[in-house]
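Just so we're aligned, residue 794 is where the sequence shown starts under my numbering, counting upward by one.
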Amino acid sequence: QRQEIVGQLVIHIASGSSYEEIDVALRVFSNLVQSPSSVQSLRMFLPFLTSLLENVQNFQTPHLRRLFLLLFTIGGDADDIMNGGSDEVQILINKFLAMQQIGVKQIGI
């Protein structure tokens, strides 16, 4: 059941239908990561969440910030075996910072 809920929230974020829909789904995740036990529970769903990185060019700046913070929080410490979310975000940010176009570079900033 948790997988279905996380999956549906990811679908709402990835859909890009409306600013409010994305905002609400990201806020749900943000509220969940306020509790350390919830962070641990969400780590098993990290692949779902990192799949959102494929759509970053379609997100508004506040949503990007919230998504990046979410992935860094769930991604764990550098010593953690499940820190893939943090690694992927860092790689993506560096990729966008290296781009020449200002609009794309802004994603990394």
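Glycine included, every Cβ here is placed at the ideal spot set by N, Cα and C.
None of the values given here were measured: they were computed from a predicted structure.
### Task
Take residue 854 as the anchor and find which of 826, 828, 888 and 819 has the nearest alpha-carbon.
Looking up residue 854 in the sequence shown gives position 61. Ranking 826, 828, 888 and 819 by Cα distance to residue 854 puts 819 first.
### Task
Can you tell me which of 866, 849, 804 and 867 puts its alpha carbon nearest to the alpha carbon of residue 888?
Reading the sequence shown from its first residue, position 95 is the one you call residue 888. If we check each option's Cα against that of residue 888, 849 comes out closest.
### Query
How many Å lie between residue 874 and residue 811 at the Cα?
Along the sequence shown, one-based indexing puts residue 874 at 81. Along the sequence shown, one-based indexing puts residue 811 at 18. For residue 874, the predicted model reports a pLDDT of 48, less than 50, meaning its position is unreliable; a value from the coordinates is still stated below. Taking the straight line from one Cα to the other gives about 35 Å.
### Task
May I have the straight-line CA-CA distance separating residue 800 from residue 891, to the nearest angstrom?
The count along the sequence shown starts at 1 and reaches residue 800 at position 7. The count along the sequence shown starts at 1 and reaches residue 891 at position 98. Going from the Cα of residue 800 to the Cα of residue 891 covers about 32 Å.
### Message
Buried or exposed, going by whether 16 or more other CB atoms sit within 10 Å of the CB of residue 871?
### Response
In the sequence shown, residue 871 corresponds to position 78, counting from 1. Because the pLDDT at residue 871 is just 49, under 50, the model does not fix this residue reliably, and the value given afterwards should be weighed accordingly. Looking at its Cβ environment, which holds fewer than 16 other Cβ atoms inside 10 Å, residue 871 is exposed.
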